[in-house]
Every structure is written in structure tokens, then in C-alpha cells.
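Engineer:
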Amino acid sequence: MGELSFATSGSGIKQKFMRMSYSYIFLIMLLAIIGTMTLYSAADGNWQPWALKHICRFGLAFLLMLGMAMIDVRQYYKFAYVFYFITLFLLILVEAGGHIGMGAQRWINLGLFKLQPSELMKIGLVLFIARYFSLMTVQGIQSIRGILIPAVLALLPVGLIILEPDLGTAMMLLLTATIMFFAVGVQWWKFIAVAVLGGAALPIAWNFLHEYQKNRVLTFLDPERDPLGTGYHIIQSKIAFGSGGLFGKGFLHGTQTHLNFLPEKHTDFIFTMFSEEFGMLGSLSLLFINLLVLAMGYLFAFRCRNYFARLVIIGLNTNYFLYVFINIAMVMGVLPVVGVPLPLISYGGTVMFSIMASFGIILCMSLNQNAAMNFDD
Amino acid sequence: MSNRNEKMQILSQRTIVILVFNLLAFAVIVARLYYLQIFEADKYKVMSDENRISTRFLVPPRGTIYDRNGEAIAKNEQNFQALLISEQTPDIENTFATFQKILPLDEDEEKKAVHNIKNRRRFIPIKLKDNISWDEVSKVMLYAPELPGIEIDEGLNRKYPYADLYAHVVGYVGPVSDKDKKNSPLYMVPGFKIGKSGLEKSLDYKLQGKGGTIKLEVNAYGRVIKEIERNAGSIGGSLQITIDSRLQKAAYEAFGNNSGAAVVLDVRNGEILALVSTPSFDPNLFTNGISYKNWNELLNNERTPLINKAVSGQYSPGSTFKIVVALAALEAGVINMDTRYYCSGGMDIGATRFHCWRHSGHGALNVIEALKYSCDIFFYETAMRVGIDKIHDMAIKLGLGQPLNIGLDNQKNGLIPSQEWKKSVKDAAWTRGDSANAGIGQGYVLITPLHLATMLARVVNGGYAIMPTLIRRTKQQPVSKINISQRNIDIVKQGMFEVVNAPNGTAARAKFNLDGIRMGGKTGTTQVRRISMKERKSGIIRDENLPWRLRNHALFIGFTPVDNPRYAVAVVVEHGSSGSGVAAPIASKILQKALELDIR
């Protein structure tokens, strides 16, 4: 109970640092190191072109995380709506720019780095929903009128992102929102009703999908349909998993990856590469670390007395869970290949920064676990 | 407050549900991991190896074929190729142009090379020029610094040093075609050659050897990363044939421009000492795939160089068949030394007039004289008296009409007719006229030069049923005896001696006497066209005034030495007009050469 004693007085930066969960931070660093190591192997034992950049990015993102953790928790609450609407505006901007420009555009070029509004929205929507429900009564939550506005404002960015088109991110956003709706106590039957309606609408939605997305779904259902084209990735990925066996082929010795049979080994299929080299035992270890990260997140949530903070942690934790689950499930042929990376392991700046920012927010929320239930009180 | 507490309580409960859901999702992943990495691991390990390991086949060196004296007549020769590996040159166009200055490519080669440079992966070697000489190789080596990416590759090419001399015996190899049965993965290897004709074909399995394999680790684009395992395979088996190249050459040259075939046998064991068919062709043309032009030339030549006339050519034996008829009649007791028939130049058999080649007739003669002058009337009479079935049996005993497999392509058996044969095949009864015709080796009777030589060998060796063979054996096979009396063999041999050595024998012009060693033999001239009654009345057109393809075939069978025969030869000259004038001198030359060589 040592931590609790700091709770009321510990609002200074220094105290906050002292009270941060070092085991949580350690697990995050451990994942980043595993990612760096795997990227080193992906480049046949070279720091270039991925591993070095990855660890440098992590360093920067780590500072971002600490920064996010230090911010006063009330500011998140205060700016939740503003942040959501700015992000929504940026999404519309990208959508409009995409139509003017050519094909799929997902980012705004800010010169220094490329801003991807859909990534921002993963945080923006969580903050928005958390704030929205934090003031609502149980009766309000369980009425249709009460969930209408957040439902519409959740579906709006989802629709925009589908149009980009980025099926993976849209799906994650939709699932995150759905799980948050579930968490606050929306009745079971409403989800079932929506699922039934959605299922009925599926054939219509099918027509709106791009050809390559249809192919992905079809190939997921039957990878041997097109063994040299779209099915090739998933077949090669399964061969890599299977041939890795219990103990793996050893670091730097994955034949599927080093001989280029496995595509996208440094991004979406990095778990495959890890699993080929370290086998089932390695894969289970990596899964276990991720499970610990998630479990600690839920632990933080349970300790929070503040409704908003608790719901934000659940939303962001769910987002992280979806990243991990969808990525691993898709490379193992359990889900269609929708282009979701494995956070902290896959190469790529955007996800690194967005996921570290969300860890920062989770840390911030846990630092304020003793805040009153409602900030408006 | 109670509402707030209730709200918080719901959140806690639902969070536990979410946590359980997360755990279930992870359980799915763990189950999937178990399925892929433990349950199906073996299957995927195999698939992974199939991905990364590429097995290449090493073409084994083909076995050498030697003649009886150990001279190679089919061997492997070093072959140099110039290759270009695109990724090893910074400027492929420049390298290609420089190479062209040193070794100009012809139009076809250039087209192929340009196509391959454009379409092949950059690390796959492209063949620029094949069969380059050692001089050209050194030239390329000299300019090597200016030719990055150019490599000289060394391979083996089948070579036939005697060129057209052995085309019909040894045959040739060629690239595997779609029609060939691909019973080994070796057949898929580019550059692998298989026997396409002759002994190269019939003994292909022995000559091929065992293919080696190299297991290579390759990446997804087919680039070789490293060698994993090498199994060298083994060289093909060599073989020695019975032919003596010196005799083969003499026989081939003896034909000059004539189209025909000759077979020389060792009468004691059936070894084939020479087997030629003219005109011939150069089998080296085939080893890398013959050009369309050359192929058409060979195919359209009216003298059929592609056909091995020695084993595939079926001819009427003509008067050479009189040996068989005489033996059949002597053995049957129908005639003996003293039996004489009168030749007036012609006789009526049924409604048909049968002529002797000598229209003025030979008068009364016995069997030896009849052979010497090749009188037709004597043999019409003899054949009719002894009957076709006895002639048939004797011919069969002497090997005619029988399979004589010596491993060459498209071997024919010839045809020895009998009453039964005519009934079943022609659905007609055998007539006396048929017997008369058979008596002079015309009508239905067909032989190949190989059969004719075998027949003669079996007669002059004293009735031993030797089988002709092309493959040299260290151990002699026991030979069975044919039931023919030595007395009758001697009578026939005496006849054949006189054909050549009597002043007015039909082949007197071809006689020789090498320190007392002489030749015996029998001529034959066979019509290839029908002579009409009208032409017979107005005078038969002389053979030399006919177009080549209508002229008579000329045949001769001969043996030497007469006293203790060693060599037997059969010569057929297609449309050679005269057995005595054309075929006998060729046979004479060949036998004299054989004696001179004293083949061991």
C-alpha cells in the first residue's frame, strides 16, 4: 500500500516519476528490444535498414510516453471532445485530399513526419467515449437515446477510414468502440441485435469493398485458391510457423525469412519470423509478455476510482489487445490479412508513436488512480 | 450516489468479462500455435525444405564405344560455351558489344541472346555461343578484363570421329524430345542427350550412366545461396563392338557412289566385322539438334541415306538364293551330283513361259554347273521337284526369314514363303510357278543383306548356326550344328568356287588369288520392274538406258578362304544393274582387305 500513501500529495513531476509502474515500463522496453532484435535478424544480421531506426524511434517514443504520463489527468478530460473533433476534421481532410490526389492516402505530410489521423483517432475516440459516458446515468447508458450520439460519432470515423481504404484500422476502431460500449453497460441484446442486422447487411457491404479487399477475404477463406498470388503470403507464413516447430530454427537461421519466401517479414509478418526462429516456446514467451502488459493495464483500471480514467485504460488496453490479437491471428491464418502490425515489434513509425502515446496515457491514468470518481464534481 | 456506484460496479463486472474474452482469444492463438508448430510441424518442415532446397542433376559422362581394335568411335569431347551473367557486369550492353567484336555471333545466336538478356533473371547465366574452339576460348580469356560477366563454361559433347562411317551402326544421340519416355528426372535436365538411333539407342541404358545430384539452397527468386550436398553419380558403361574400322572403311569406300549395303561376318562365330549402308550421313550433325535444311536434304535424298539398308532393306535374293534351293534339293535326295537338266533358254510352266537369263540356253548341266552359270531353268525344275516347303525349311535353318537381333533400329526379317504362308496371307493355293520363281530367288522371297551374310556363313562354316553379333564378347557362345551333310555342303561350295574361279563363271572378273587363297561366291541380279510381253518381243531395254530407280538390283555373296572359310560377305547394290559386274567386284575388294588385315 506504499503507493497509496503518495497518492494525494504526489502531484509533482518528481513524485510522479517515483510512482510510475516500473514493471510496466520494463515490459514495454522488453518488447521493444525483442522487436529490435527480430528486425536485426530480418536484415540478415544487420542493424540497417530497420533495427537501428527502430530502437531510435523507440527512444523518442519513450520520451513521448513519459511526457504523456506527466500531463495532468484533467487536461485529457477537458480536451477529450476538442481532440476528437480536430482528429475527425483531419480525417475528412485526408479523405478529401485522397480524392484530389491519387488513390489511397492515409497521412498528412507535415514535413518532419507524416501525420496519420486514423492513428490519432484510435486515441481520440477512446477519450471521447470515455468522457461521454463518464457523466451519464445508468438509465441513460441503457437507453437507446443515450447511446445514439456516441454510436454515430464512432461510426463516422470508421466510415471515413474504410473509404481511405484501410480495412484493418477501421475494424479495430469499430471493435474498440463496441467493447467500450459493452464495458459501460449497454445491454447484451443490443449487441446481438446489431450483429444480426449487420450480418444481414453484409452482402450489401460486400459490394462496397475494393477488389483487393474482396480478394483478401476470399483468400483468407481458402488460401489455396491462389497459391502464387494473394494466398502465397499466408501459405508461406504457415510453412514458417510449422517448420519452426517447438524450439525454432535459431536466431538468424529462419530459412523461410532469410531466403525471402516470407513477404513483409519486417512489418506485418514479423511474428512469423520470430516464431520460425524461436519456435513455439519463443512465441509463447512473447505472447506471455503481451498478456502481462494487458493484465497490468486491467489492474491499473481496477485501481482507478475515477470513472473516466478507468474507461480510458480499458479502451486503450482493448486497442492494444486488438493490435496483438489481429496481427498474430492473421499471420497464422486465423483471420484475413488486413494489414495490422504488431506494436513495438513491427517496423514502422506511426504505430510506434501512437501505441507509446497510449501507454503514456494509461500510465497517466494510473498515476491518478485516487482522483475522485468524476472530475466535474 | 447509488447510481454512481451501480455504474462503477457494472464497469467492473464488464471489465472482467472483457478480460476473460482476452484470455480466450489468447487461448485460440496458443491452440493455433500448437496445431501449426507441433501437430503439423512435420508437414511444414517438408514444405520448408521443398522451398529452400533445389535439386539439380549432374549429367553423367556417356560411355565410350570402341571398335574391335580399341579405337573410340563414339566418345565425349570437351565443349566450351561462352556465358553471360548479367548481374556481374555494370554495363551489359557494353559487355555484349565488346564480346561481339571478339567473337561475332550469327543472327540466330544474337537474337536468342538479346531475348534472354531481356527476359531472364539477372543471375542466371545466358548462353551466348556454343561449341567454341580453344583458340576462341583463349581470345576471350585474353580480353577478360574488358568482359565483366562473361564466363567460359566447360561441358561434354558426343563426338563421332569416324563421322559417316558408323552412322548406321553406332547411330547418334540427341536432345530429349517430347516423344521420349521420361523415366528419370535426368531426362528433364537441359543438355542431357539420349541415344536416338543405332547402338546409342538400343544400349542407351548401359551407356547413360547414373546421374548425380547437387542439393542447393536457393532463395525465393531461385538464386543459389550455397551447396548443401553433392552426389557425383557415375560414368556410363563403355562397350566394344566387333567391327574393325579399317575393314569398315574399305567396305564403305568400295561402294563409291553406289547405293547399297554390305555385311562381313566371321563365319566361325558370327561376329560382324563390317556393316555398311551407303550413302551415309554424319551423325555429329544430330548431337545438338540437326538443322532443318540438313534434315530435309537427308530425308529427300532418293538414295535414302537415313535407312540402314544392311538390316532394314528387304530385297529379292535373286540367284544367291540358288544356294538354299540346291542344298534343300540335295538334302531331300531330289537331286544329286549327277542329276542333269536340259536348258533350252526357256520352258512352259502351266500357261506361262519361264525364261533363262541366257536366252540361247545352257544345254544339259548338273548342280555345280548350274550354280557356276547361274542357270535359271535348272533351278525352276529343281525347285518344282523339291517343293516350296522343303526350300522353306532349309532357308529357315540357314537363318533366312528369322529375327537376327543385333541391336539396330528397324531390323527386318525378310520373308520366306511356304504353302501355308500363301494360304493364310494371300488366301490362294501355292502353284508350281510360285515354286519356280522361288527357285531363282524371285517372287515372294525377301532377304536383308544381314540375312544373306548369315545364310552364307552357316553354309560355308560347315553347318554351324552362328548368330550375327555386334557386341564383342570375351567368352564365345557355343554354336549348335545344323543337320546338313558335309558332302552336300561341299557340292555347293564347289559350285560357288567355280562361279568365281572357273574361266567362264559368272563372277570370274572378280576373282583373286593371294598366295593361293581364293574366293567363292554367288552372283544375283534382280528385276525391280515387270518386263512386258511387248518389250520382250521388241527386245528388252538395256539396263543402262533405264532411269536409275528402274535398274536391276545387283547382289553378291562371297567367302574366303575357300578351303577353310573365315570371312563371309553379302553385298547388295541398289539398282546396280549387274551382280557380276558391280556387286562381285565390291565383295572381292572387301574380302581381299579382310585377308590383308588378318583380323584378330
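These protein sequence lines are chains A and B, in that order. Mind the numbering: the first sequence is residues 0 to 376 in numbering that gives the first Met the number 0, read in order. Mind the numbering: the second sequence is residues 0 to 599 in numbering that gives the first Met the number 0, read in order. C-beta atoms are modelled at their ideal positions from N, C-alpha and C, and glycine is treated no differently.
1. Within the continuous beta strand (DSSP E) that includes F56/B, where are the two ends?
2. Going by C-alpha to C-alpha distance, which of R565/B, V266/B, E109/B and S587/B sits closest to D597/B?
3. Hey, quick one: how far does the beta strand (DSSP E) through S196/B stretch, first residue to last?
4. Tell me, please, whether the CB atom of Q186/A is closer than 8 Å to any CB atom in chain B?
5. Step through the CB atoms of chain A and report whether any lies within less than 8 Å of the CB of R13/B.
6. If contacts are defined as beta-carbon pairs under 8 Å, then S244/B and I470/B qualify, I think. What distance do you get, rounded to the angstrom?
7. S233/B: which of L326/B, A435/B, K205/B and L215/B sits nearest, CA to CA?
8. Does the separation of the CB atoms of M495/B and G515/B fall below 8 Å?
9. Go through its chain and collect everything with a Cβ distance to A112/B's Cβ below 8 Å, but skip five positions before and after it.
10. Can you find the residues in the same chain that come closer than 7 Å, C-beta to C-beta, to P156/A, ignoring five residues on each side of it along the sequence?
11. Name the residue from I312/A, L315/A and V339/A whose alpha carbon lies nearest to the alpha carbon of I325/A.
12. Does any C-beta atom of chain A lie closer than 8 Å to the C-beta of L10/B?
13. Are the Cβ atoms of V136/B and I151/B separated by less than 8 Å?
14. Check whether the Cβ of V333/A lies closer than 8 Å to any Cβ atom in chain B.
15. Can you say whether R157/B is buried or exposed, counting buried as having 16 or more other CB atoms within 10 angstroms of its CB?
16. What whole-angstrom Cβ distance do N380/A and L134/A have, given they're in contact under 8 Å?
17. Mind listing which residues of the segment 50-68 of chain B have their C-beta closer than 7 Å to chain A's C-betas, in chain order?
18. I'd like the list of long-range same chain contacts for I178/A, defined as Cβ closer than 7 Å, with 5 residues on each side in sequence excluded.
19. Determine the burial state of W187/A: buried for a count of at least 16 other Cβ atoms within 10 Å of its Cβ, exposed for fewer.
20. Compute the Euclidean distance between the alpha carbons of G102/A and Q212/A, then round it to the nearest angstrom.
21. Can F287/A and N21/B be called in contact, C-beta distance under 8 Å?
22. Please classify I387/B: is it buried, with 16 or more other beta-carbons within 10 angstroms of its beta-carbon, or exposed?
23. Just checking: is the beta-carbon of N259/A within a distance shorter than 8 Å of some beta-carbon in chain B?
24. I need the DSSP call for S233/B, collapsed to helix, strand or coil.
25. Using Cβ-Cβ distances below 7 Å, what residues of the segment 36-49 of chain B are close to chain A?
26. Please state whether the Cβ-Cβ distance between A428/B and Y379/B is less than 8 Å.
27. Using three-state DSSP, classify I70/A as helix, strand or coil.
28. Check G345/B in the structure and name its three-state DSSP category.
29. Of the choices Y340/B, R550/B and D347/B, whose alpha-carbon is the least far from that of G362/B?
30. Would you say R157/B lies against chain A (beta-carbon separation less than 8 Å)?
31. By how many angstroms is the C-alpha of I488/B removed from the C-alpha of D163/B?
32. Which residue comes first and which comes last in the beta strand (DSSP E) that contains G557/B?
33. Step through the CB atoms of chain B and report whether any lies within less than 8 Å of the CB of V350/A.
34. Return helix, strand or coil for F79/B, following the three-state DSSP convention.
35. By the 7 Å beta-carbon criterion, what residues does the segment 106-135 of chain B contribute toward chain A?
36. Report the option in T351/B, R352/B, F353/B and I367/B whose CA atom is closest to the CA atom of D337/B.
Structural biologist: From the atom records:
1. I52 to L57 is the span of the beta strand (DSSP E), which, as asked, contains F56/B.
2. The residue among R565/B, V266/B, E109/B and S587/B with its C-alpha nearest the C-alpha of D597/B is R565/B.
3. Element bounds for S196/B: K192 to S196.
4. Not one chain B Cβ lies under 8 Å of Q186/A.
5. Yes, because at least one Cβ of chain A sits closer than 8 Å to the Cβ of R13/B.
6. Contact doesn't hold; Cβ gap of about 16 Å is too wide.
7. Each of L326/B, A435/B, K205/B and L215/B was checked against the Cα of S233/B, and the nearest Cα belongs to K205/B.
8. The Cβ atoms of M495/B and G515/B do not sit closer than 8 Å to each other.
9. Non-local C-beta neighbours of A112/B in its own chain, meaning closer than 8 Å and more than five positions away in sequence, comprise L83, F95, L104, I125, K126 and L127, ordered along the chain.
10. Sequence-distant partners of P156/A (beyond 5 residues in either direction) whose C-beta falls short of 7 Å from its own C-beta, in its chain, are L87, L90, M120, L124 and L172.
11. Looking at the Cα atoms, V339/A is the closest of the given residues.
12. So, interface residue.
13. Less than 8 Å divides the Cβ of V136/B from the Cβ of I151/B.
14. It does: the Cβ of V333/A has a partner Cβ on chain B nearer than 8 Å.
15. When all chains shown are included, R157/B counts as buried.
16. There is simply no residue 380/A to check, as chain A begins at 0 and stops at 376 in what is shown.
17. Residues of the segment 50-68 of chain B whose Cβ lies closer than 7 Å to any Cβ of chain A, in chain order: N50 and R51.
18. Excluding sequence neighbours, I178/A sits near T317.
19. Exposure of W187/A is indicated by the presence of fewer than 16 other C-beta atoms within 10 angstroms of its C-beta.
20. Residue confidence for G102/A is low, a pLDDT of 47 falling below 50, so the modelled location carries little weight and cannot support an answer.
21. Cβ atoms of F287/A and N21/B: not closer than 8 Å.
22. The Cβ neighbour count for I387/B, taken over all protein chains shown within 10 Å, is at least 16; the residue is labelled buried.
23. It does; some Cβ of chain B falls within 8 Å.
24. When secondary structure is reduced to three states using DSSP, S233/B falls in the strand class.
25. Flagged, chain order: Q36, I37, E39, A40, K42, Y43, K44, M46 and S47.
26. Between A428/B and Y379/B, the C-beta spacing is not below 8 Å.
27. Three-state result, I70/A: coil.
28. G345/B falls in the strand class under three-state DSSP.
29. Of the candidates Y340/B, R550/B and D347/B, Y340/B places its Cα closest to the Cα of G362/B.
30. Interface with chain A (8 Å Cβ-Cβ cutoff): R157/B is excluded.
31. Near 38 Å, if we compare the C-alpha coordinates of I488/B and D163/B.
32. First-last of the beta strand (DSSP E) with G557/B: H552 to T559.
33. So no, V350/A is outside the interface.
34. It is a strand residue.
35. Listed by position, the residues of the segment 106-135 of chain B near chain A (Cβ gap below 7 Å) amount to none.
36. Per the C-alpha coordinates, the member of T351/B, R352/B, F353/B and I367/B positioned closest to D337/B is I367/B.
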